[in-house]
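Enquirer: Here it is, the structure, as C-alpha cells.
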Amino acid sequence: MKKNIYIGFAFSMLVSAVFPAYSQEEPVAETITALDSPFLENPTSANETSSQDYKPLRAPAPALSSVYVYAVASTQNGGAWEYIGPNKIATAQDHGGAQVRIAVLEVGYGNNRFGWIDGQQKSPYQVNGVCVVSGYYSESCPVGSTYVGWMAYFNGDGMSSGTFRYQSTSTNAPYRTLSTSLNIR
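In case it helps, mature numbering (1 follows the signal peptide of the UniProt record, and there is no 0) puts the sequence shown at residues -23 to -1, 1 to 162.
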C-alpha cells in the first residue's frame, strides 16, 4: 500500500515537472459606458473644428504643496469647529471630552497620510476630495470640477489636550514629505 502511494506521488511530480500547467485570464473588453457622448445633443461637424481646439483630457495631478490643520471640534467646545489658519501653533479654544475631531487640509495630491496624537500613530477615518468653488476650497464639488486636494479627518476621542502631528508625501514629483503640528489646548 505504501509503495503505491510513493509511486503515485513520484509519478505526479514527474508529470508536473515535464508538463507545466499555465492559466490565462480572459482579455478585458475596453468600453466606456459611464457617459454619453456630448455630440449627441450638440453635434459638431469635423470641418468646423481642428485638433488644436481641444485641450488634453488628463493632466498630471498637482504635487503636494501645503498641509495644515484646518479645524478642530470637540464636545468640550460645544461640538463646534474651531477653524485654524495656516502657521498657527495652538488652538485658541479649550478642547477635549468624549469626541474630538481634527481636520487636515492637503493642497495637492498626497498619500501615506499619518497623524500622531501625543505620539500615538493614527490613520484618518475619512478622506474627502477638495475642489475650488468661487475661489474657496470646498468638499461639495460640482460635477466636472477637479480635485485640488484632500481633507483628512482624524479621531482624537477622549483627548483632553496634547499635540497633533501630521505628515503626507506627494504622489508625484518632487515627492516631498510635508508635515504640520498643532498644540490642542
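Think of the CB as a built atom: it goes at the ideal place given N, C-alpha and C, for glycine as much as any other residue.
Alpha carbon to alpha carbon, what distance is there between isoleucine 161 and asparagine 54?
Expert: Sequence index remark: in the sequence shown, residue 54 carries index 77 (1-based). Sequence index remark: in the sequence shown, residue 161 carries index 184 (1-based). When rounded, the distance between both Cα atoms is 12 Å.
Enquirer: Could you check the C-alpha separation between lysine 65 and arginine 142 for me, to the nearest Å?
Expert: For the purposes of this step, residue 65 is identified with residue 88 of the sequence shown, where counting begins at 1. For the purposes of this step, residue 142 is identified with residue 165 of the sequence shown, where counting begins at 1. When rounded, the distance between both Cα atoms is 13 Å.
Enquirer: Could you please give me the residues that DSSP links to methionine 128 through a beta bridge?
Expert: Within the sequence shown, numbered from 1, the residue matching residue 128 stands at position 151. Leu82 and Asn105, per the DSSP bridge assignment.
Enquirer: I'd like to check one pair, serine 145 with glutamate 83: are the Cβ atoms closer than 9 Å?
Expert: Reading the sequence shown from its first residue, position 106 is the one you call residue 83. Reading the sequence shown from its first residue, position 168 is the one you call residue 145. Yes, Cβ-Cβ distance for glutamate 83 and serine 145 is below 9 Å.
Enquirer: How should isoleucine 94 be labelled, buried or exposed, when 16 other C-beta atoms within 10 angstroms of its C-beta is the threshold for buried?
Expert: Position 117 of the sequence shown, counted from the start, is the residue given in the question as residue 94. Per the 10 Å Cβ criterion, buried.
Enquirer: Starting from the Cα of isoleucine 61, find the closest Cα among Gly74, Arg78 and Thr52 and give me that residue.
Expert: On the sequence shown, residue 61 is found 84 positions in, with the first residue counted as 1. Residue Arg78 is the option with its Cα nearest to isoleucine 61.
Enquirer: Where does serine 96 land, buried or exposed, given buried means 16+ other C-beta within 10 angstroms?
Expert: Counted from its first residue, the sequence shown places residue 96 at position 119. Here the sequence assigns glycine to residue 96, which means serine is not the residue at that position. That one is exposed.
Enquirer: Quick check: what's the CA-CA separation for serine 156 versus cysteine 108?
Expert: Locating residue 156 in the sequence shown gives position 179, counting from the first residue. Locating residue 108 in the sequence shown gives position 131, counting from the first residue. Answer to the nearest angstrom: the Cα atoms are 21 Å apart.
Enquirer: Look at alanine 129 and alanine 40 and say whether their C-beta atoms are less than 9 Å apart.
Expert: The count along the sequence shown starts at 1 and reaches residue 129 at position 152. The count along the sequence shown starts at 1 and reaches residue 40 at position 63. Going by C-beta atoms, alanine 129 is not nearer than 9 Å to alanine 40.
Enquirer: How long is the line joining the alpha carbons of phenylalanine 131 and alanine 38, rounded to whole angstroms?
Expert: Residue 131 sits at position 154 when you count from the first residue of the sequence shown. Residue 38 sits at position 61 when you count from the first residue of the sequence shown. Between phenylalanine 131 and alanine 38, the C-alpha separation is close to 24 Å.
Enquirer: Taking residue 168 as the reference, which of Val81, Met136 and Val110 has the closest Cα?
Expert: Since the first and last residues shown for the chain are -23 and 162, residue 168 lies out of range.
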